[in-house]
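Numbering (my numbering), first residue to last: 194 to 547.
Where a beta carbon is used, it is the ideal one built from N, C-alpha and C, also for glycine.
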Amino acid sequence: MKALITSGGRGTRLRPITHTQNKHLIPVANKPILHYAIEAIVEAGITDIGIVISADNADVPRAIGNGEKWGVNIRYIPQEAPLGLAHVIKISQDFIRDDPFIFYLGDNMVIGGVKRFIDRFQAEKSNCHLTISKVKEPSRFGVPDLKNHHIIGVEEKPEKPKSEFAVAGIYLYDHTIFEAVNAIQPSARGELEISDAHQYLLDKGYRITYSEITGWWKDTGKPEDLLEANRLVLSTLQNDLQGEIDQQSQLAGDVVIGKGSTIRESHIRGPVIIGENTKIENSYIGPYTSIHNETIVRNSEIEFSIVMENCRIENVGIRIESSILGSNVEIIKAKGIPKTHRFILGTQSLVELF
């Protein structure tokens with residue numbers, strides 16, 4: 194069995210961060226989202242992995258490498274334009290050949306790994322095995338039409354969903370999927386929709402089975418989903434204190450502090466992860482916060498947030514909460530009066546003042 198992972202797309206819902214960073218490389222609990230997909234596949238025993246990348250962006254190959262880190266072989270497959278998930282499969286046929294494969298959307302995260310889905314797919318000898326999950330807004334996803342525990346139809350982002358389930362971003366296929374993706378036509382938005390490929394399989398009498406994800410699954414395409422995924426991963430954290438902590442600091446709950454980091458006169462309330470060579474001074478770091486490497490937090494408070502590498506947060510008079518700070522961000526208190534707010538913001542930035 195092989196694996197195919199997506200890592201392209203524009204990440205428009207995560208702008209302005211994705212103006213300068215591939216969304217699949219955004220850290221969750223200080224680890225790129227894409228790493229979670231690769232690790233789940235490696236844990237399932239798969240060693241041949243194809244990663245589909247945007248043809249004009251080398252960030253993912255540069256960050257991930259050839260797979261040696263995980264003991265696998267990674268091949269990169271360029272996609273000239275984002276023409277739909279079925280198009281991703283279509284251009285990967287030379288890599289997959291006739292092998293069964295797992296198709297994993299690289300910005301999705303799921304607890305418990307993927308081996309259980311692979312085992313079910315192989316045991317049921319189906320042509321396609323989908324994973325589905327109950328969601329609040331199924332109209333944002335492909336939606337399965339279920340009858341007597343069978344999938345009888347699949348519709349992409351319907352206005353009136355026929356179930357409360359979404360097709361999650363983990364799929365398993367045999368070679369018949371290539372018949373489907375080569376037969377369907379682009380949708381009204383100009384894409385080859387994966388839901389249309391699934392409907393083709395059903396119409397032709399091929400067998401589609403499914404597993405319901407009963408734990409958590411997250412499509413990290415929006416800021417609130419990214420923060421929630423960060424919270425869920427941090428909930429599994431275990432203490433690992435490799436940095437230097439002075440006697441005036443207080444730690445509670447599960448906290449990870451990386452090598453070379455220093456904590457001075459601060460209160461850290463876990464679950465919290467702090468990367469390497471980071472300085473926390475006279476500050477409060479609250480639950481479900483990730484702070485990456487080479488960052489300075491001084492005289493400030495942060496909670497339920499993601500702070501990426503090389504940031505500087507100093508003398509902020511109010512608590513920073515439910516926030517995502519990209520790399521090299523500075524938030525500092527201006528000196529003098531009158532008290533005003535001064536901003537230098539990029540396209541599609543969001544600032545909320547209370």
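Residue i, DSSP secondary structure in three states
i, result
"K340", "strand"
"Q431", "coil"
"Q272", "strand"
"S356", "coil"
"Y399", "coil"
"V328", "coil"
"F334", "coil"
"L518", "strand"
"N301", "strand"
"K472", "strand"
"H368", "coil"
"L420", "helix"
"V549", "Any answer about residue 549 is impossible in this case: the structure gives the chain only from 194 up to 547."
"S380", "coil"
"A361", "strand"
"V465", "strand"
"K350", "coil"
"K415", "coil"
Which listed residue (the options) has its alpha carbon closest to that of residue i
i, options, result
"D241", "H228, N259, D249, N250", "N259"
"Q431", "V449, Q443, V307, E232", "V449"
"L218", "R268, P337, T199, Y366", "T199"
"R309", "G238, Q392, V490", "G238"
"Y393", "K262, P354, I370", "I370"
"I478", "E487, E514, K353", "E514"
"D439", "E494, I456, K216, E236", "I456"
"I517", "N423, A274, L339", "N423"
"E496", "V465, I473, R382", "V465"
"D291", "D249, M194, Y399, G201", "M194"
"F294", "I244, P480, V303, I506", "I244"
"H342", "I304, Y403, T488", "Y403"
"F314", "R400, A251, I267, I246", "R400"
"S498", "I344, E384, L420", "L420"
"G510", "T488, N475, P480", "N475"
"L276", "V303, I345, Q378", "Q378"
Alpha-carbon spacing of residue i relative to residue j, whole angstroms
i, j, result
"P225", "G414", "14 Å"
"G335", "Y364", "12 Å"
"R503", "P351", "According to the sequence provided, residue 503 is Asn. The question's Arg does not apply to it. The alpha-carbon atoms of N503 and P351 are separated by roughly 42 Å."
"V221", "S428", "12 Å"
"V500", "G519", "7 Å"
"L375", "E417", "Correcting the residue type first, residue 375 is Asn in the shown sequence and not Leu. When rounded, the distance between both Cα atoms is 36 Å."
"Y366", "F296", "8 Å"
"G451", "L227", "21 Å"
"E405", "H322", "11 Å"
"N492", "Q441", "14 Å"
"T407", "L298", "19 Å"
"I325", "I234", "18 Å"
"E357", "P337", "9 Å"
"E469", "L434", "11 Å"
"I461", "V307", "34 Å"
"N521", "Q214", "12 Å"
"A196", "E330", "28 Å"
"P254", "K472", "31 Å"
"A381", "S285", "23 Å"
"D312", "V281", "24 Å"
"E232", "G264", "11 Å"
"I506", "L444", "20 Å"
"D287", "Y269", "12 Å"
"L395", "E386", "15 Å"
"L425", "L278", "27 Å"
Exposed unless 16 or more other CB atoms sit within 10 angstroms - verdict on residue i
i, result
"N301", "buried"
"D389", "buried"
"E437", "exposed"
"N223", "buried"
"H485", "buried"
"N320", "buried"
"K318", "exposed"
"A361", "buried"
"D412", "buried"
"E348", "buried"
"A251", "exposed"
"A274", "exposed"
Counterpart residues of residue i in DSSP-defined beta bridges
i, result
"Q443", "H460"
"R505", "I489, E523"
"P220", "P225"
"N266", "D241"
"V500", "I484, L518"
"T455", "E437, K472"
"Y393", "In DSSP, Y393 forms no bridge with anything."
"S247", "Q272"
"S404", "T324"
"L197", "G243, F296"
"I311", "According to DSSP, which records beta bridges pairwise, I311 is partnered with nothing at all."
"E494", "Y477"
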